[in-house]
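Input: a single structure, listed below in structure tokens.
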Amino acid sequence: MRYNWNWGILFQDPYFEWLITGIEWTLIVSSLAWILAFSLGSLVGVMRTLPQRLPRAIGAAYVELFRNVPLLVQMFIWFYVMPELVPDDLGRWIKRDMPYPEATSAILCLGTYTASRVAEQVRAGIESIPRGQRMAGLAMGLRTWQVYRYLLIPVGYRIIVPPMTSEFLTIFKNSSLALTIGVGEVLMQARQIENYTFQGFEAFTAATIIYVAVTLVVVAVMARVEVKTRIPGYGVRKGR
Amino acid sequence: MIDFDFNAIIRNLPYLWQGMQLSLLLTGLAAAGSIVLGTILALMRLSGVRLFQWIGTAWVNFFRSLPLLLVIFWFYFLVPMVVQRQVDAFNSALIGFVLFEAAYYCEIMRSGILSISRGQAWAGYALGLRYSQTMRYVVLPQAFRNMLPILLTQTIILFQDTSLVFVVGLADFMTSAVTVAQRDSRLLELYTFTALVYFAMCYGASAYVKQLQKKIHR
Amino acid sequence: MIEISNINKWFGSFHVLKNCSTQVAKGEVVVICGPSGSGKSTLIKCVNGLEPFQEGTITVNDISVGGKGTDLSKLRAHIGMVFQNFELFPHMTAMQNICLGQTKVLGRSTTEAQDRANALLQRVGLGELGYKYPAELSGGQQQRVAIARALAMDPIAMLFDEPTSALDPEMINEVLDVMQELARSGMTMMVVTHEMGFARRVADRVIFMDQGEIVEDATKDDFFTRSRSERAQLFLSKILQH
Chain H
611 MRYNWNWGIL FQDPYFEWLI TGIEWTLIVS SLAWILAFSL GSLVGVMRTL
661 PQRLPRAIGA AYVELFRNVP LLVQMFIWFY VMPELVPDDL GRWIKRDMPY
711 PEATSAILCL GTYTASRVAE QVRAGIESIP RGQRMAGLAM GLRTWQVYRY
761 LLIPVGYRII VPPMTSEFLT IFKNSSLALT IGVGEVLMQA RQIENYTFQG
811 FEAFTAATII YVAVTLVVVA VMARVEVKTR IPGYGVRKGR
Chain C
52 MIDFDFNAII RNLPYLWQGM QLSLLLTGLA AAGSIVLGTI LALMRLSGVR
102 LFQWIGTAWV NFFRSLPLLL VIFWFYFLVP MVVQRQVDAF NSALIGFVLF
152 EAAYYCEIMR SGILSISRGQ AWAGYALGLR YSQTMRYVVL PQAFRNMLPI
202 LLTQTIILFQ DTSLVFVVGL ADFMTSAVTV AQRDSRLLEL YTFTALVYFA
252 MCYGASAYVK QLQKKIHR
Chain E
964 MIEISNINKW FGSFHVLKNC STQVAKGEVV VICGPSGSGK STLIKCVNGL
1014 EPFQEGTITV NDISVGGKGT DLSKLRAHIG MVFQNFELFP HMTAMQNICL
1064 GQTKVLGRST TEAQDRANAL LQRVGLGELG YKYPAELSGG QQQRVAIARA
1114 LAMDPIAMLF DEPTSALDPE MINEVLDVMQ ELARSGMTMM VVTHEMGFAR
1164 RVADRVIFMD QGEIVEDATK DDFFTRSRSE RAQLFLSKIL QH
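Protein chains in written order, with the numbering used here: chain H, 611 to 850; chain C, 52 to 269; chain E, 964 to 1205.
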């Protein structure tokens, strides 16, 4: 195996800067997409637990639609097809004036897709709360929205802190797909370094370390969040 | 208004079908390989031998913290370098998928094995079966059966993931659709069609898995 | 005060409640007993509309529970309910559990709610434990907090759905004592329970249900001395052996 090692290349101009830019884009795209995924996913997830049939059906349709189409296809649809499907004026604006069209499409794509996964977690969290809790809330005269606001959501969200962590990591890893529509995130930069320097080993190692490092940090932070939000004594089953 | 050209799809169907065959082949081989490897990793994690446990755990945590896309690039770049000759993108992608997905299948098999009561293994040993026999004839068949719906669901995800070989130009269904779309300038038609095909297949398959789940849990 | 007339309810094709009628007067304590699956829990949950029913009417203080225009939340705010599994809210302390309905439904100020909660915790014998989370309390203590939570709403009537069934035997009496004290103070109560000792001591009337029907609806003395139906006698003989 003949290969000219050159680890120093990663710290040379402009390659080092490329990696930093890549990290920035990865973090920007994943964080904004996460905000969208979390809020939209919460809404859809709650809809699926409501007593009325219509919101349940809408929520279910949303989840099925987004999780049964590969993310890459969704990425292309957001970027190439959406501008053609929306009303002409909006389409023209998207094509000509929308700032950062690639990143914006990527954020919308990752956000709406991950929302379907978040929704399933939220639903599972709320459904894992015994039915009696909902009844007890209603029995004291709370209205349905109050039952969600004060009882189901506070408890349900504590239950789903661990799966939510892994959903965030999913969005972070999936943000690499944004390179297919031209967002300069970490992996795109690593590949570009390979193309320019043929030092693929170094470039991909750098990307690997970045992904592993961010994962470790997020896991550590969320472990703290989990401890902070834990309900005293809850979850430890005692004999009644 | 949008003019939707169905002909753009119809005249390219044979080409797209070839791509789909490659997608299915890749899915099948990758699933088979990574279920086997994943089961071995699961047994390592549960073996009680410190070294094996460490390897299994490290494997799972390492691959689960990486994007699949990076793994695909790695092996596309690495495999030819290691074997010192040109390698078909299919083989390097297949290796990448097996090693990567094994981490996910490992966790499924692990919880499957843990779901079997210890008494089953004890009963196996009591009959004089060795560890490997107990696993092969007693524990794994039950674990596999219990986990079948989840294994299949993971395989549906794997099928969707195979679309990522687009980045190394392997002519699967996705890549074929993109090729045609760009050549004929028919992005709207081809991407919509691609989405619909994937949706129909994955939705159908997961509906089947749901049925199966009901059957197993009855 | 509570009028139940000709209630019919189905779960799918399963007929859970068959033509049930009874009434509870102000200040009356009515115990509902019967074998499990007889529909008694379902019946009591119909009274505050937690379970919908298909036929018949229930009125509480002349307000129709199943009526189209009825504001169920408003009605429920005045009917206290105590559940088999306590159903305290796990993420709130005992104090917060008792204050939630007072502040969010009745619109009381936090200090007012807390004063009331403290008084009620004293009344159920848990004066010092308001800061504890439910999972840190014993079953009997949790159920007493649940009773205090219901009383904090100043209910006109209290519904108890098997309040002692989930308790270890040594904790049953501490809950029954609180209920007995409540009954003595003139509270209108409907109690689903197997505790026949409690029924003997406290009840004015006893209803016996079996297979979705009200089989007996009699004064306490009549029920225990001359039950007419065989089913009730069989039930009593089984349960009183212990």
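The beta-carbon is built from N, C-alpha and C at its ideal position, and this holds for glycine as well.
Among the options, which one has its Cα closest to the Cα of residue i?
i: I739 of chain H; options: H:R753, H:P711, H:I770 and H:A713; result: H:I770
i: I965 of chain E; options: E:F1052, E:K1095, E:K989 and E:M1142; result: E:K989
i: M1058 of chain E; options: E:A1146, E:Q1106, E:D1131 and E:Y1096; result: E:Y1096
i: F114 of chain C; options: C:S143, C:C157, C:L73 and C:F103; result: C:C157
i: F1186 of chain E; options: E:S1128, E:E1176, E:I1170 and E:I1177; result: E:I1170
i: G975 of chain E; options: E:P1015, E:G997, E:P998 and E:N1011; result: E:P1015
i: T1182 of chain E; options: E:M1172, E:D1173, E:A1162 and E:F977; result: E:A1162
i: P842 of chain H; options: E:L1122, E:G1000 and E:L1100; result: E:L1100
i: H1157 of chain E; options: E:S1004, E:Q986 and E:S968; result: E:S1004
Under a Cβ-count criterion, where at least 16 other Cβ atoms within 10 Å of its own Cβ denotes burial, should residue i be classed as buried or exposed?
i: W644 of chain H; result: buried
i: V1028 of chain E; result: buried
i: M1150 of chain E; result: buried
i: F244 of chain C; result: buried
i: P1053 of chain E; result: buried
i: W615 of chain H; result: exposed
i: G766 of chain H; result: buried
i: D212 of chain C; result: buried
i: V87 of chain C; result: exposed
i: Y821 of chain H; result: buried
i: K848 of chain H; result: Its pLDDT being 36, under 50, K848 of chain H is placed unreliably by the model, and nothing is read from it.
Cβ of residue i less than 8 Å from any chain C Cβ?
i: V822 of chain H; result: yes
i: R801 of chain H; result: yes
i: P711 of chain H; result: no
i: A830 of chain H; result: no
Could you check whether the Cβ of residue i sits closer than 8 Å to any Cβ belonging to chain H?
i: E1193 of chain E; result: no
i: Y1096 of chain E; result: yes
i: A177 of chain C; result: no
i: M1116 of chain E; result: yes
i: N1011 of chain E; result: yes
i: K972 of chain E; result: no
i: K1037 of chain E; result: yes
i: W125 of chain C; result: yes
Between residue i and the rest of its own chain, which residues show a CB-CB distance below 7 Å, the 5 nearest in sequence each way excluded?
i: R759 of chain H; result: none
i: Q264 of chain C; result: P200
i: E737 of chain H; result: T659
i: Y176 of chain C; result: T185
i: F977 of chain E; result: none
i: L80 of chain C; result: L145
i: I668 of chain H; result: M657
Is the beta carbon of residue i within less than 7 Å of some heavy atom of the ligand HEM?
i: L682 of chain H; result: With respect to the ligand HEM, the structure offers nothing, as it holds no ligand at all.
I'd like to know whether the C-beta of residue i is nearer than 8 Å to at least one C-beta of chain E.
i: I841 of chain H; result: yes
i: G751 of chain H; result: yes
i: V656 of chain H; result: no
i: Y844 of chain H; result: yes
Please go through the same chain and pick out, in chain order, the residues whose beta-carbon is closer than 6 Å to the beta-carbon of residue i, but skip the five residues on each side of it.
i: F1046 of chain E; result: D1124
i: V122 of chain C; result: G147 and F151
i: G721 of chain H; result: A643, L646 and A647
i: T807 of chain H; result: I619
i: K1008 of chain E; result: E1014
i: L700 of chain H; result: none
i: R1079 of chain E; result: A1115
i: G107 of chain C; result: L92, M95 and R96
Leaving out five residues on either side along the sequence, give the residues of the same chain with a beta carbon under 8 Å from the beta carbon of residue i.
i: R850 of chain H; result: Confidence is the limiting factor: at R850 of chain H the pLDDT is only 31, short of 50, which leaves the residue's position unreliable, though a coordinate-based value still follows. Cβ within range, chain order: n/a, list empty.
i: A705 of chain H; result: Reading the sequence as shown, one finds Lys at residue 705 of chain H and not Ala. Answer for K705 of chain H: P693 and P711, listed in chain order.
i: R196 of chain C; result: I267
i: V846 of chain H; result: Low confidence applies here, because V846 of chain H scores a pLDDT of 44, under 50, leaving its location unreliable; read the following figure in that light. Excluding sequence neighbours, V846 of chain H sits near nothing in its chain.
i: V218 of chain C; result: L120, I123 and F124
i: V260 of chain C; result: P200, L203, T204 and I207
query: Using a Cβ cut-off of 7 Å, which residues of the segment 207-228 of chain C contact any Cβ in chain H, in chain order?
result: Q211, S214, L215, F217, V218 and M225
field: Proximal residues, the segment 1039-1059 of chain E versus chain H, C-beta separation under 7 Å
entry: R1039, A1040, M1044, F1046, N1048, E1050, F1052, P1053 and H1054
Contact set between the segment 715-743 of chain H and chain E, restricted to residues whose Cβ is under 8 Å from the partner: P740, G742 and Q743
task: May I ask you to list, following chain order, the residues of the segment 769-787 of chain H that have a beta carbon less than 9 Å from some beta carbon of chain C?
output: S776, L779, F782, K783, N784, S785, S786 and L787
field: Contact list for the segment 1058-1087 of chain E against chain H, Cβ threshold 7 Å
entry: L1063, G1064, K1067 and V1068
message: So if I threshold CB-CB distances at 9 Å, which residues from the segment 99-118 of chain C count as touching chain H?
response: N112, F113, R115, S116, L117 and P118
Residues of the segment 662-675 of chain H with Cβ closer than 8 Å to any Cβ of chain C, in chain order: E674 and L675
- request: Would you list, in chain order, the members of the segment 627-639 of chain H that have their beta-carbon closer than 7 Å to a beta-carbon of chain E?
  value: none
- request: Identify each residue in the segment 235-247 of chain C for which the Cβ-Cβ distance to at least one residue of chain H is less than 7 Å, and report them in chain order.
  value: L238, L239, Y242, T243, T245 and A246
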